[in-house]
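First comes the structure, then the notes that go with it.
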Amino acid sequence: MRKLTFAVACCVFSAMLLRDPVEARLGAQSSDALTAPYETRDPGQRQYVRQGCYQCHGLVGQGSILSGPSLSPLRIDSDAFRRYVRNPKGAMPPYTKRVLADADLDSIEAFIRSLPPGRPYKTIPALARVGSSSDHAAEPQLSPSGRAIYQRHCAACHGESREGGIAPSLIGAGRKRDVAAIAALLANPPRGMPKLSPQPLTNKDVEAVARFVADVR
Amino acid sequence: MEDAKYLGRRSFIKASVLAGIATPTIPALAKRESTPAPSKVSPPGSAAATAENGAISEADDAPHLIHRPGSDFMVDLLKATDTRYVSAMAGSTFRGLHESIVNYGGNKAPELIVCVHEEISAGIAHGYAKVANKPMACLVHSTVGLLHASMAIYNAWCDRAPIMVIAGNGLDATKRRPGVEWVHSAQDLGALVREYIKYDDAPISLQHYAESYMRAHELSMTPPYEPVMIVADSELQEEEVDADIELRIPAPAPVSPPAAPPEAIDRAADILLAASAPLIVADRAARSQRGVELIVQLAEILGAPVIDRAGRLNMPTTHFLCQTSLQNTLIREADAIIGLELTDLWGTINSVPDVPGRPSRRVARPEAKVIGISTGYGYVRSVVQDAQRYFAADVAIAADAEASLPSLITAIDRKMSGAQREAVAAKKARLRSAYAEMRASDAAAAAIGWDASPISTARLSMEIWEQIKDLDWGLVSNHAFISSWPQRLWDFTKYHQYIGGEGGYGVGYGAPAAVGAALAHRDADRIAVAIQCDGDLMMLPGTLWTAAHHRIPLLMVMHNNRSWHQETMHLKRMAGRRDRDPHTWAVGTTITDPEIDFAKIAKGMGVYAEGPISKPAELKGALSRALAVVRSGQPALLDTLTQMR
């Protein structure tokens, strides 16, 4: 056993000696070592870090107004997710199959879908106070406005200002479809778009958000 | 040696030294006979020295003393302008003024704030000015010192912040000792920074110095506020002021800021009153609490939401018309937009996404009318491109926004019809509701990752807020790097509670500006808090020593994401567009392997510190302990490992 250990050690040492010194120096700056502090044992999480997804979307998918939308929860199906990652819009870089194999993309998706959703903010005392801390504001209406519903359920894909993103722009959508047609689309969404009605959106919510999208006040 | 007795004593000493003889009074021969000659030349005895230099005259016994140096008068000027602090790293070209501040001035108003790098000196002055609302002086050594300070001066210039830079220099070449004094002198020192200061002069007499100093001070505090520089010649500092010269301190003459002319105000009021969805966008508009109150008045009379671009605190975040988080939507919906002291009016109305080809597109409605009020229309430099892209506003007013708002509000009030007042009243309920939904939406976004480790920036912000909200506080760091959580979640109501950011986006601003701002807050008995980026602190970690040395109470909580995070995204974007190695972005953008222990660095500088803290549950206790240190009058640092943004 001792001989075997010695032999292995000799092999490793010889390999180190044979290694190109330039390569050895670059090894000191290997990307694996540099990103190791961000990684866990979850292979999907590791890919999520190494592919740089976390840079814009956060290590727990929380997103940032400065960089990228929250991915928690991921509101689109697997097909739409894959299509978007391969050929994204805006500032997000494309991920071809050459740099990100299908299997690795699957593991990233699995990791994102495993992320716990945010706790309801009203269960966190400090945030609950923010939601009702204004000196001047009215209490939120019992039925949230179309704009608020849009921000909560639609903005992640269609953009905060309806400018588009993962999903098409909705600016000027009211010129193509009236409120009823937009509401019908929400009730029976096209491929890739999540079904939001009757849950989590009620018929009243659907109408409110359709009016907002159609610019009808 | 026989001939020695025939030499004069002076010639003998010279001859002896040249011959390597140790003791000229002892004949070399005799010396050889007794002991070997020592290898070193001993100094001559007193008799020999007298012979060499001549006898010291009783009449010349009084040393050459300078009883009334010019630099004392320079201190009088600092006091005359109520300059409480002078930041400096010692340098020989201002040794005269340095000594005068300490001894003649008593090191009190102004007090010397000792720095270990001139960029820290200027950064401290930058942060101080934004809280104290007046400049402090920043004393720098010629050439090398000024070049070190130049980065921070540039930030202050872009940020429209006043600094009184006083630079030592030795102009008279015949007075310079050979070597270093030549490379630490400049024929035209101002040329090194002239493109990003408002005014400089190199006075050649003390009265000239006094008048230029007062002019510089006045210009720095006339909007747009800017850094200014006076060169303090070494000879002027160090030489005696002739007794028959009567020096005068010119009276300060504060200049009224430029206000908009009535016809421009009328046109702006007409556009805003004709709009159904007017919008106010403010950046460095407020210069005081009065400015904040005026923006509130304008918003209320128009029923217009405000986007606070946060160059300063312009709008209380508790007010229902402060709707910054809705800015992308508001810009698209507005039919009249008034920009108040915007860094970038074009970029408010248009955008250039970072995609290949970088296409420009207008974001605002095509028919939306745009009004710009800014001193920037009358103040621009060619070398630095901070003027941003040209934009043809419908009404462009070269005036100070805060000074112009009273007449604009009055004009709107005068012209407003009863129907218009009813329309404003009618939409307030909708605006209140939009505000409440915005706050709730921000709170919901903050809840994602609340329990994550490393700590989410939202959690970090709110844990700090919970500890300071009942105190008199000021946030002295740029909140943009942490997704603007403080702006979205904290209750900002006072002008001094937020001071904006770098101005020039020069990394290294954060720590010194926070210390300078904390110094001003200390004088007002307030608690200063900075959320400090790791990359920024690594630029000028010596700032911590200054904070400890001067007992400046500052709670510094690290936003330690172990990277220059903005750059990680740029590198990833480049590699992605080029279809290249997806993982190399970490090289040159991450600060890992090894990870930096900021608590150890801080402790080494004499600052109370804890960390690294990566679990959110540990934050509350650590913050409480650190805050107790700060409330006792000392700085404290918590190294917290955080999410990226």
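Taken in order, these protein sequences are the chains called A and B. The first sequence begins at 0 in numbering that gives the first Met the number 0 and counts up by one. The second sequence begins at 0 in numbering that gives the first Met the number 0 and counts up by one. Cβ coordinates follow ideal geometry from the N, Cα and C atoms, glycine included.
Inset, instruction - Evaluate G610/B with the Cβ neighbour count: other Cβ atoms within 10 Å of its Cβ, from every protein chain shown; 16 or more gives buried, anything less gives exposed. - result: buried
Legend entry - is_contact[A425/B, chain A] using C-beta, thresh 8 Å: no
Legend entry - Span of the beta strand (DSSP E) around A527/B: 526 to 532
Inset, instruction - In the DSSP assignment, find the beta strand (DSSP E) that holds D307/B and state where it starts and stops. - result: 305 to 307
Legend entry - Given G503/B as reference, the closest of A151/B, E566/B, P62/B once Cα atoms are compared: A151/B
Inset, instruction - Give the residues from the segment 84 to 100 of chain A that approach chain B closer than 7 Å (Cβ to any Cβ), ordered along the chain. - result: G89, A90, P92, P93, Y94, T95, R97, V98, L99
Legend entry - Among N168/B, S631/B, E110/B, nearest to T92/B - alpha-carbon criterion: N168/B
Inset, instruction - Give the range of the beta strand (DSSP E) segment to which D232/B is assigned. - result: 226 to 232
Legend entry - Three CB pairs or more closer than 8 Å across the segment 271 to 280 of chain B and the segment 246 to 258 of chain B: no
Inset, instruction - Use the C-beta contact count for Q186/B: other C-beta atoms within 10 angstroms, 16 or more gives buried, fewer gives exposed. - result: exposed
Legend entry - the segment 80 to 96 of chain B in contact with the segment 158 to 174 of chain B per 3-pair CB rule at 8 Å: yes
Inset, instruction - Give the straight-line distance between the Cα atoms of I423/B and P304/B, rounded to the nearest whole angstrom. - result: Checking the sequence shown, residue 423/B turns out to be Val, not Ile. For V423/B and P304/B, the distance between alpha carbons rounds to 12 Å.
Inset, instruction - Report yes or no: is there a C-beta of chain A within less than 8 Å of the C-beta of I439/B? - result: First, the residue type needs correcting, since residue 439/B is Ala and not Ile in the sequence shown. Output row for A439/B: interface = yes.
Legend entry - Element boundaries [alpha helix (DSSP H), containing E210/B]: 205 to 219
Inset, instruction - Answer with yes or no whether the minimum CB distance from Y47/A to chain B is below 8 Å. - result: no
Legend entry - Members of the segment 405 to 432 of chain B that neighbour chain A once the beta carbon cut-off is set at 7 Å: A428, R431, S432
Inset, instruction - Find the nearest neighbour of Q531/B within the set V379/B, C157/B, E98/B, T456/B, judged by alpha-carbon distance. - result: T456/B
Legend entry - Those residues which DSSP pairs with M163/B across a bridge: A136/B, V227/B
Inset, instruction - Note down, in chain order, all residues in the segment 51 to 72 of chain A with a beta-carbon under 8 Å from any beta-carbon belonging to chain B. - result: G51, Y53, Q54, C55, G57, L58, V59, G60, Q61, G62, S63, I64, L65, S66, S69, S71
Inset, instruction - Grab the span of the beta strand (DSSP E) containing V394/B for me, first residue to last. - result: 394 to 397
Legend entry - Presumed contact (8 Å Cβ cut-off) between L488/B and V129/A, rounded CB distance: 5 Å
Legend entry - E340/B - DSSP class collapsed to helix/strand/coil: coil
Inset, instruction - Please report the Cβ distance between R388/B and W449/B, rounded to the nearest whole angstrom; I am assuming they are in contact, meaning their Cβ atoms lie under 8 Å. - result: The Cβ separation is near 40 Å, so there is no contact.
Legend entry - DSSP three-state assignment for T34/B, whether helix, strand or coil: Note that T34/B scores a pLDDT of 44, beneath 50, so its modelled location is shaky; the value from the coordinates is reported in the next line. Correct three-state label for T34/B: coil.
Inset, instruction - Just list the alpha helix (DSSP H) runs in the segment 279 to 332 of chain B, keeping only unbroken ones of 4 residues or longer that don't cross its boundaries, in chain order. - result: 288 to 301, 326 to 332
Legend entry - Residue-chain proximity (T201/A, chain B), Cβ-Cβ < 8 Å: no
Inset, instruction - Compare the C-beta of M461/B against all C-beta atoms of chain A and say whether one is closer than 8 Å. - result: yes
Inset, instruction - Check the Cβ of R151/A against every Cβ in chain B and list those closer than 8 Å, keeping chain order. - result: S440, A443
Inset, instruction - Would you kindly work out how many angstroms separate the C-alpha atoms of P704/B and A616/B, rounded to a whole number? - result: What the structure shows of chain B is the stretch from 0 to 644, and residue 704/B is not part of that stretch, so it cannot be assessed.
Legend entry - Cβ separation of R525/B and D596/B, assumed to be a contact under 8 Å, to the nearest whole Å: About 30 Å; that fails the 8 Å criterion.
Inset, instruction - Using a cut-off of 7 Å between C-beta atoms, extract the partners of R118/A located in chain B. - result: A446, W449
Inset, instruction - Return no unless some Cβ of chain B is closer than 8 Å to the Cβ of D134/A. - result: Per-residue confidence for D134/A stands at a pLDDT of 48, beneath the threshold of 50, marking its modelled position as unreliable; the derived number appears in the next sentence. True, the Cβ-Cβ gap to chain B drops below 8 Å.
Inset, instruction - Decide if G620/B is buried, meaning its Cβ has at least 16 other Cβ atoms within 10 Å, or exposed. - result: exposed
Inset, instruction - Please state if the CB of P223/B and the CB of T80/B are separated by a distance shorter than 8 Å. - result: no
Inset, instruction - Rounded to whole angstroms, what's the CA-CA distance from I123/A to A445/B? Just pull it up for me. - result: 10 Å
Legend entry - CB-CB length for H183/B against V143/B, believed under 8 Å: 6 Å
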